[in-house]
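Comments concern the structure below.
Residue numbers (our numbering): 1 to 83.
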């Protein structure tokens, strides 16, 4: 199935070829979880802080059990320091 995968800030270096405006269309397995997709793309989990699916926050536990569906948007941000 196809989803939109978005990476922000320093995570942009892991976007697949053909990405545009921090987003790429990616093919993933049916029933994949957020963490499985993040792993598939090659983003180190220790660099992942905030994960949203269709604009809704996924906590750390949900990232291993909630499945992603055709057409969903998975967006990932790194930890951000400063203030």
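Quick reminder that beta carbons are idealized off the backbone N, C-alpha and C, glycines included.
Cutoff 7 Å; reference residue i; Cβ partners in own chain excluding five residues on either side
| i | result |
| --- | --- |
| residue 38 | 45, 48 and 76 |
| residue 14 | 7, 41, 42 and 43 |
Identity of the residue in the options nearest residue i by Cα
| i | options | result |
| --- | --- | --- |
| residue 68 | 28, 41 and 61 | 28 |
| residue 61 | 33, 2 and 72 | 33 |
| residue 74 | 55, 30 and 59 | 55 |
| residue 26 | 59, 63, 1 and 80 | 1 |
Integer-rounded CB distance, given that residue j should sit under 8 Å from residue i
| i | j | result |
| --- | --- | --- |
| residue 9 | residue 78 | 5 Å |
| residue 72 | residue 3 | 5 Å |
Cβ-heavy atom distance, residue i to the ligand MG, below 6 Å
| i | result |
| --- | --- |
| residue 72 | The ligand MG is not part of the structure shown, which contains no ligands of any sort. |
Contacting residues, own chain, Cβ-Cβ under 8 Å from residue i (five flanking each side not counted)
| i | result |
| --- | --- |
| residue 36 | 28 and 29 |
| residue 11 | 43, 47, 48, 76, 77 and 78 |
Same chain only: Cβ atoms within 6 Å of residue i, ignoring 5 sequence neighbours per side
| i | result |
| --- | --- |
| residue 57 | none |
| residue 70 | 1 |
- Item | Touching by the beta-carbon criterion (3+ pairs, under 8 Å), the stretch 49-56 and the stretch 17-24 | The answer is no - the stretch 17-24 does not touch the stretch 49-56, with fewer than three Cβ pairs under 8 Å.
- Output the residue ranges of the beta strand (DSSP E) runs that lie fully inside the stretch 4-62 and measure 3 residues or longer, sorted by chain position. Look at the stretch 4-62 and you find these whole runs of beta strand (DSSP E), each 3 residues long or longer: 23-27 and 50-53.
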